[in-house]
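Asker:
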Ligand code: SF4
Ligand code: SF4
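Residue numbers (the numbering used here), protein chains in the order written: chain A, 26 to 322; chain B, -14 to 176.
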């Protein structure tokens, strides 16, 4: 097989609150033989905040990354759902709206950069499931995940607004991946519903309610853990879980894993390299259950 | 206010023009008021006006009412409406546009501070080239709801002790290039 090489865009969250996502991504990619070369001097994609302040500015800072990536010609891959949507949307709109492209050209020129629209923006999940393929991933697994019940949570931004690799309402790529690895992907109708995003900071009550709906559903279908491909979803479901339980008088502790952490488990990556200790709801019960399952086999 | 009639006439034309000026904005003309957006929206239950209503109000020229309602600030950018709208209206983009006009005109509802979160975020990124989460939450809560900062200390501490809240920001190497880009983008105007 031809070597898979990408420019890697971790995004700001993966340098801070979601370092575990970055570490587990690198560890798993390495074992899959994928080369992720971090994009030199990348800047924040702008997330949803810039778009609320000034439109052209938002497209411009996002486009700087595309221009930097174009110097290397490799597809630009990010594990962050929000970065993926922002960069991909900028890329798509530049191709779709010539007037916008003209203005962005002028702006980039000011920084000595050009962008010709040749870069593909990818989410890590699509690289794994489409470029590598679930069977090839399974082939690298040291052990299977049989006996584990997983709720695959996609949230919003990896499948909306641009739904290039999965369904915007009922996505399945992650489910297929973990089923292939032996786990049971539980029925999870909340899989593509919103976690409230940044409302957790501005309008906490509303966000808590949305988080509650998601957790409750996973609990109802007896998931051992929720896996996600978005840093903001992870932190909302993980760090605020206790508060949700208090507010709604509920009682559960569902570990929230990055999907790369769970793949890493099947690959036999040491826990430290998966950053499992940084999970707020402890992953320990999950790991113990898994260990017990392994011993029984 | 009767005396404002003429003024409102001209404002309402500007308002639609402003919406038309964003990529794909003219599509708002095609809204058939089916309500799919409102039915898809996870936060419509707390909105002053649901997304469908907001679109009717925009076309009716109810500029002030639209710019000062809480709807804009409760939009999470989940894009559920966007992918379902039978008329392919880029609803989430229009919500963003309304947020921007609302900030520009200082029309956001009293007591709302989602706009502050966005403004501080951009302030931090303009300075470092990347976000610094600790600084963002500190500044935001101190400015808008100091009490909440106290309430959030347990969560902050948890993140800190789990190694998830670096104290120092990272700065990009070529920050001057980014700042040139930012200045130029601002100078080209738009909103
Ligand atoms: S879904 Fe589209 S057409 Fe229907 S009311 Fe909403 S904006 Fe209008
Ligand atoms: S993008 Fe905004 S308006 Fe549309 S459904 Fe989501 S929260 Fe509601």
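The beta carbon of each residue, even a glycine, is placed where N, CA and C say it ideally should be. In this text the structure is predicted, and so the values were computed from the model without any measurement.
Does residue 283/A have its Cβ less than 7 Å from a Cβ in chain B?
Answerer: If you number the first chain from 1, residue 283/A lands on position 258. Chain B, which has no Cβ nearer than 7 Å to the Cβ of residue 283/A, makes this no.
Asker: Can you tell me where the beta strand (DSSP E) with residue 227/A in it begins and where it stops?
Answerer: The count along the first chain starts at 1 and reaches residue 227/A at position 202. Unbroken run through residue 227/A is the alpha helix (DSSP H), 224 to 227; no beta strand (DSSP E).
Asker: Counting contacts by CB-CB distance shorter than 7 Å, is residue 321/A in contact with chain B?
Answerer: Counting from 1 along the first chain, the entry for residue 321/A is found at position 296. Residue 321/A does not count as touching chain B.
Asker: Can you tell which of 100/A, 80/A, 115/A has the C-alpha that lies nearest to the C-alpha of residue 89/A?
Answerer: Position 64 of the first chain, counted from the first residue, corresponds to residue 89/A. Answer by Cα proximity: 115/A.
Asker: Among 57/A, 164/A, 194/A, which residue has its Cα nearest to the Cα of residue 214/A?
Answerer: For the purposes of this step, residue 214/A is taken as residue 189 along the first chain, with counting starting at 1. Here the closest residue by C-alpha is 194/A.
Asker: Just to confirm the assignment, what range does the beta strand (DSSP E) spanning residue 283/A have?
Answerer: On the first chain, position 258 is the one that residue 283/A refers to. First-last of the beta strand (DSSP E) with residue 283/A: 281 to 283.
Asker: Which first and last residues belong to the alpha helix (DSSP H) in which residue 152/B is found?
Answerer: Along the second chain, read from residue 1 onward, the residue named residue 152/B stands at position 167. Segment: none, residue 152/B is in no alpha helix (DSSP H) and carries neither H nor E.
Asker: At a Cβ threshold of 7 Å, is residue 311/A touching chain B?
Answerer: Position 286 of the first chain, counted from the first residue, corresponds to residue 311/A. Chain B, which has no Cβ nearer than 7 Å to the Cβ of residue 311/A, makes this no.
Asker: Alpha helix (DSSP H) containing residue 112/A: first to last residue?
Answerer: On the first chain, position 87 is the one that residue 112/A refers to. Counting along the chain, the alpha helix (DSSP H) containing residue 112/A begins and ends at 106 to 121.
Asker: Decide if residue 31/B is buried, meaning its Cβ has at least 16 other Cβ atoms within 10 Å, or exposed.
Answerer: As a first step, residue 31/B is located in the second chain; it is residue number 46 there, counting from the start. Classification for residue 31/B: exposed.
Asker: What is the DSSP secondary structure of residue 115/B, counted as helix, strand or coil?
Answerer: Position 130 of the second chain, counted from the start, is the residue given in the question as residue 115/B. Coil, per DSSP.
Asker: Please list, in chain order, all residues of the same chain as residue 317/A whose beta carbon is under 8 Å from its beta carbon, the five residues on each side excluded.
Answerer: For the purposes of this step, residue 317/A is taken as residue 292 along the first chain, with counting starting at 1. Contacts found: none.
Asker: What residues from chain A crowd round residue 72/B, counting only those whose CB sits closer than 9 Å?
Answerer: Sequence index remark: in the second chain, residue 72/B carries index 87 (1-based). The premise fails here: residue 72/B is roughly 15 Å from chain A at the closest Cβ pair, so nothing lies under 9 Å.
Asker: How about residue 250/A: is its Cβ closer than 6 Å to a heavy atom in ligand 1?
Answerer: Residue 250/A sits at position 225 when you count from the first residue of the first chain. Residue 250/A: no, Cβ never under 6 Å from ligand 1.
Asker: Find the residues of chain A that neighbour residue 98/B, judging by a C-beta separation of less than 8 Å, and give them in chain order.
Answerer: On the second chain, position 113 is the one that residue 98/B refers to. Going along chain A in sequence order, the residues near residue 98/B (Cβ under 8 Å) are 227.
Asker: Does the beta-carbon distance from residue 189/A to residue 143/A come in below 7 Å?
Answerer: Translated into the one-based positions of the first chain, residue 189/A becomes position 164. Translated into the one-based positions of the first chain, residue 143/A becomes position 118. Not a contact, by the Cβ cut-off of 7 Å.
Asker: Examine ligand 4 and report whether any of its heavy atoms sits within less than 6 Å of the Cβ of residue 37/B.
Answerer: With respect to small molecules bound, the structure shown includes ligand 1 and ligand 2 and not ligand 4.
Asker: What does residue 163/B reach in chain A if we use C-beta pairs closer than 8 Å?
Answerer: Reading the second chain from its first residue, position 178 is the one you call residue 163/B. Here the neighbours are 68, 86, 89, 136.
Asker: Pull up the distance between the alpha-carbon of residue 84/A and that of residue 146/B, whole angstroms please.
Answerer: As a working note, residue 84/A is residue 59 in the first chain. As a working note, residue 146/B is residue 161 in the second chain. Those two C-alpha atoms are separated by around 36 Å.
Asker: Check the Cβ of residue 78/A against every Cβ in chain B and list those closer than 7 Å, keeping chain order.
Answerer: Position 53 of the first chain holds residue 78/A. The contacting residues are 85, 88, 103, 104, 107.
Asker: Identify, in the order they occur along the chain, each residue of the same chain with its Cβ nearer than 6 Å to the Cβ of residue 154/B, setting aside the five sequence neighbours on each side.
Answerer: Counting from 1 along the second chain, the entry for residue 154/B is found at position 169. Taken in chain order, the residues that qualify are 113, 117.
Asker: Report yes or no: is there a C-beta of chain A within less than 7 Å of the C-beta of residue 2/B?
Answerer: By one-based count along the second chain, residue 2/B stands at place 17. Judged by the 7 Å Cβ criterion, residue 2/B is not in contact with chain A.
Asker: So, residue 202/A versus residue 253/A, is the Cβ gap smaller than 7 Å?
Answerer: The count along the first chain starts at 1 and reaches residue 202/A at position 177. The count along the first chain starts at 1 and reaches residue 253/A at position 228. No.
Asker: Comparing the CB of residue 40/B with every heavy atom of ligand 1, is any distance shorter than 6 Å?
Answerer: What you label residue 40/B is simply residue 55 of the second chain in a count that begins at 1. It does: the Cβ of residue 40/B is within 6 Å (strictly closer) of some heavy atom of ligand 1.
Asker: Check this for me: beta carbons of residue 281/A and residue 243/A, under 7 Å apart or not?
Answerer: Along the first chain, one-based indexing puts residue 281/A at 256. Along the first chain, one-based indexing puts residue 243/A at 218. No, Cβ-Cβ distance for residue 281/A and residue 243/A is not below 7 Å.
Asker: How is residue 209/A classed by DSSP in three states: helix, strand or coil?
Answerer: Counted from its first residue, the first chain places residue 209/A at position 184. If DSSP states are grouped into helix, strand and coil, residue 209/A belongs with the strands.
Asker: At a Cβ cut of 7 Å, what residues of the segment 105 to 118 of chain A count as close to chain B, listed as they run along the chain?
Answerer: If the cut-off is 7 Å between Cβ atoms, the segment 105 to 118 of chain A has 118 near chain B.
Asker: Mark residue 139/B as exposed unless 16 or more other C-beta atoms lie within 10 angstroms of its C-beta, in which case mark it buried.
Answerer: Mapped onto the second chain, residue 139/B falls at position 154. Looking at its Cβ environment, which holds fewer than 16 other Cβ atoms inside 10 Å, residue 139/B is exposed.
Asker: Which bits of chain A does residue 118/B rub up against, with CB to CB less than 8 Å?
Answerer: If you number the second chain from 1, residue 118/B lands on position 133. Chain A residues near residue 118/B: 37, 38, 41, 42.
Asker: Secondary structure at residue 174/A, three-state DSSP: helix, strand or coil?
Answerer: Along the first chain, one-based indexing puts residue 174/A at 149. Strand at residue 174/A.
Asker: Can you tell me whether DSSP reads residue 97/A as helix, strand or coil?
Answerer: Locating residue 97/A in the first chain gives position 72, where the first residue counts as 1. Residue 97/A falls in the coil class under three-state DSSP.
Asker: Who are the Cβ neighbours of residue 133/B in its own chain at under 8 Å, not counting the five residues just before and after it?
Answerer: Along the second chain, one-based indexing puts residue 133/B at 148. For residue 133/B, where only same-chain residues beyond five positions count, the Cβ hits under 8 Å are 126.
Asker: According to the neighbour-count rule (16 or more other Cβ atoms, all chains shown, within 10 Å of its Cβ), is residue 302/A buried or exposed?
Answerer: Against the first chain, residue 302/A aligns to sequence position 277. So residue 302/A ends up on the exposed side.
Asker: Interface residues of chain A around residue 148/B at Cβ under 9 Å?
Answerer: In the second chain, residue 148/B corresponds to position 163, counting from 1. Neighbours of residue 148/B on chain A, chain order: 44, 45, 300, 302, 303.
Asker: When you compare the CB positions of residue 220/A and residue 241/A, do they come within less than 7 Å of one another, or not?
Answerer: As a first step, residue 220/A is located in the first chain; it is residue number 195 there, counting from the start. As a first step, residue 241/A is located in the first chain; it is residue number 216 there, counting from the start. No. Outside cutoff.
Asker: Sort 98/B, 131/B, 78/B, 99/B by Cα distance to residue 5/B and report the nearest one.
Answerer: The count along the second chain starts at 1 and reaches residue 5/B at position 20. The shortest Cα separation from residue 5/B among 98/B, 131/B, 78/B, 99/B belongs to 78/B.
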